[in-house]
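**Student:** I have a structure here, written as structure tokens, and I will follow up with some questions on it.
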Amino acid sequence: MNEQVDPKDSTVGQTQAESTPIEPEVEPVTRVSVEEFKISGDNLIAKVKELIDQGNLRRIIIKNKEGQILLEIPLTVGVVGGLFGVTVFPFIAALAAIGALVVQLTIVVEKKD
Numbered sequence: 005m006n007e008q009v010d011p012k013d014s015t016v017g018q019t020q021a022e023s024t025p026i027e028p029e030v031e032p033v034t035r036v037s038v039e040e041f042k043i044s045g046d047n048l049i050a051k052v053k054e055l056i057d058q059g060n061l062r063r064i065i066i067k068n069k070e071g072q073i074l075l076e077i078p079l080t081v082g083v084v085g086g087l088f089g090v091t092v093f094p095f096i097a098a099l100a101a102i103g104a105l106v107v108q109l110t111i112v113v114e115k116k117d
């Protein structure tokens, strides 16, 4: 009744699973450089337009003399031509008002490298 099984004679199915390493999806590192310009309120709109024309910008931040953020303008790469004008027009109007009221400003520009 009691049979003894010799481990050498035992036929136990062995399975081997091939494992493929899973590499996590890593987003490419985007380098961003930051530049600051100190200007007077009179030159604000001209300087912002000049910076936008240069292209390759991520964001423009307007700060007052104390360093408080007055306006932040996110710029997207996909915005082109007439759509760009429609998108940025409200910001330009706000820039005009800020430039008239504030004497000393700092423009912070974030650029993609």
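FYI, the numbering for the sequence shown is 5 to 117, going by my numbering. C-beta: ideal position from N, C-alpha, C; glycine also. Bear in mind that the values here come from a model prediction, so they are computed numbers and not experimental data.
1. Using three-state DSSP, classify Q108 as helix, strand or coil.
2. Of all the options L109, D57, N47 and L61, which has the alpha carbon lying nearest to the alpha carbon of R35?
3. So, helix, strand or coil for L79, using DSSP?
4. According to DSSP, what are the bridge partners of L61?
5. Measure the Cβ-Cβ separation of V113 and S44 and say whether it is below 8 Å.
**Tutor:** Let me lay it out:
1. Taking the sequence shown and counting its residues from 1, the one referred to as residue 108 is at position 104. Under the three-state reduction of DSSP output, Q108 falls in the strand class.
2. Working through the sequence shown from its first residue, we reach residue 35 at position 31. When only C-alpha atoms are compared, the closest one is L61.
3. Here residue 79 corresponds to residue number 75 of the sequence shown, with the count starting at 1. L79 falls in the coil class under three-state DSSP.
4. What you label residue 61 is simply residue 57 of the sequence shown in a count that begins at 1. Answer by DSSP bridge pairing, in chain order: K115.
5. The sequence position of residue 113 within the sequence shown is 109, counting from 1. The sequence position of residue 44 within the sequence shown is 40, counting from 1. No, these two residues do not count as a Cβ contact at 8 Å.
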